[in-house]
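Numbering-wise (numbering that gives the first Met the number 0), the sequence shown opens with residue 0 and increments by one.
We put the CB at the ideal spot given by N, CA and C, even for glycine.
Computed from a predicted structure; not experimentally measured.
Contents: one structure, followed by commentary.
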Amino acid sequence: MSGIRPTGYLHLGNYFGAVRNYVRMQDEFECYFMVADLHSLTTHPDTKELKLNVHRVLSENIACGLDPDKVALYCQSHIYETAELYLYLNMLAYKGELEKTVTFKDKARQHPDNINAGLLTYPVLQAADIILHRAKYVPVGKDQEQHLEMARNFVNRFNHRYGDVFPEPIAFNFGDDLVKVPSLDGAGKMSKSENQYATLYLSDDDELIRKKVMKAKTDSGPTEPNTPMPDYIENIFLLMKLVSAEDVVAKYQGDYNNCIIRYGDMKKQLAEDMVKFITPIREQADSIRNDEKYLKEIMEKGAAKARKSAKATIELVRDAMGLNYY
Ligand code: AMP
0 MSGIRPTGYL HLGNYFGAVR NYVRMQDEFE CYFMVADLHS LTTHPDTKEL
50 KLNVHRVLSE NIACGLDPDK VALYCQSHIY ETAELYLYLN MLAYKGELEK
100 TVTFKDKARQ HPDNINAGLL TYPVLQAADI ILHRAKYVPV GKDQEQHLEM
150 ARNFVNRFNH RYGDVFPEPI AFNFGDDLVK VPSLDGAGKM SKSENQYATL
200 YLSDDDELIR KKVMKAKTDS GPTEPNTPMP DYIENIFLLM KLVSAEDVVA
250 KYQGDYNNCI IRYGDMKKQL AEDMVKFITP IREQADSIRN DEKYLKEIME
300 KGAAKARKSA KATIELVRDA MGLNYY
């Protein structure tokens, strides 16, 4: 189970941190993937663009290879049981731990005029989304590690107090280590809303991709063999490893170690490999995005699957809590 907020275009971080794993998991697991529209309200209360953004995230997920016949692909707000479980979990979440969450502190700093209770309890809603399907594996990027740890704490408190209902959810990645895709300016991670010029979106056109990659920070190169790489150079290699062939990466690594690397050539190569990677996804997402009828059908089908699993869990929860009086 996993989700993505409809707060903007998907980027390379969303792809390599999350969606790539969704696509691989769909053949091996029973999967629930949602557009986290309720979560987006914690920071984006204006709903004028929401429908467009929900459609965009759905289209981009499908364009990346997610098959709505294999997984439940749905919209968070269509599953009302989420709100009930969120309420119960809120009684097991403490103010102190919520205030210490890194993402809460970051967002409170970014939006000082809107530090709402939904923002504070974001990890509780996220835990409710996950355990509503009694999910075990949660494919997410590295930035979500702390939220998953909190979800495990809420699960353990629930199970301890009311009886074993939920498995402990864990952050999952096929490559073992969780992924953090760095931004092109070497400052932090790629993200939907910050540093738009340092983020590669799956909707960027070829020229924009080339421009962004060519602007990535470099220097004049090492002068001593086998010099440790500065962060921003390591980041370029990291991006190259995601989209380029192994022998290409090995060539530039060799050039770096032998102090003959030409970063201009490396970035040109990276830009072309990035264009090759992003173009088919962008083109497919564009062709799906405006097909409202198809997207509506997918959301309905996904919600029906998710609702079935949610209702079964809520029955177990009410029984365990002793709330079934009638
Ligand atoms: P969000 O865009 O915050 O809704 O995140 C959706 C998914 O993308 C989550 O699983 C995140 O962990 C993942 N994600 C977002 N940005 C990055 C990044 N720069 N590197 C790796 N994963 C990311």
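Going by Cα to Cα distance, which pick from the options is closest to residue i?
i      : options                        : result
Phe236 : His77, Leu183, Glu314          : Leu183
Glu144 : Glu223, Gly301, Ser1, Lys214   : Ser1
Asp318 : Ala62, Ser39, Asp163, Ser58    : Asp163
Ser243 : Glu148, Lys292, Ala305, Lys275 : Lys275
Arg133 : Arg23, Asp204, Arg156, Ser308  : Ser308
Gln252 : Arg281, Gly220, Pro279         : Gly220
Pro227 : Leu199, Asn257, Leu238         : Asn257
Gln268 : Glu296, Lys210, Glu59          : Lys210
Ala150 : Pro168, Arg281, Arg160         : Pro168
Ala200 : Ile78, Ile277, Ala107          : Inspection of the sequence shows that residue 200 is occupied by Tyr rather than by Ala. Closest by alpha carbon: Ile277.
Pro224 : Ile259, Ile208, Leu238, Arg160 : Ile259
Leu238 : Asn289, Asp204, Tyr293, Val180 : Val180
Ser202 : Arg261, Gly187, Ser286, Tyr136 : Ser286
Tyr8   : Tyr87, Glu59, Ile78, Phe28     : Glu59
For the ligand AMP, I want to know if residue i counts as a neighbour, meaning its beta carbon is within less than 6 Å of at least one of the ligand's heavy atoms.
i      : result
Gln252 : no
Val242 : no
Asn52  : no
Met189 : yes
Val180 : yes
Ala134 : no
Val212 : no
Gln75  : no
Val139 : yes
Asn20  : no
Arg4   : yes
Asn13  : yes
Go through its chain and collect everything with a Cβ distance to residue i's Cβ below 7 Å, but skip five positions before and after it.
i      : result
Val178 : Phe15, Gly16, Gly140, Lys141, Asn172
Asn323 : Arg317
Ile297 : Leu57, Pro67, Leu72
Gly185 : Lys216, Asp230, Tyr231, Asn234
Ala270 : Ile208, Arg209, Val212, Met213
Tell me which same chain residues have a C-beta within less than 6 Å of the C-beta of residue i, skipping the five on either side of it?
i     : result
Ala62 : Ile280, Gln283, Ala284
Arg4  : Ala35, His38, Ser39
To which residues of the same chain is residue i closer than 8 Å at the C-beta, ignoring the five residues directly before and after it?
i      : result
Asp26  : Lys69
Val154 : Ala126, Ile130, Phe165, Pro166, Glu167, Pro168
query = Using 8 Å as the Cβ pair cut-off and three pairs as the minimum, do the region 186 to 194 and the region 121 to 129 touch?
reply = Of all C-beta pairs linking the region 186 to 194 to the region 121 to 129, fewer than three are shorter than 8 Å, placing the two stretches out of contact.
key: Stretch pair the region 105 to 123 + the region 38 to 45: three plus CB contacts closer than 8 Å   = Touching, yes, given that three or more Cβ pairs across the two stretches are closer than 8 Å.
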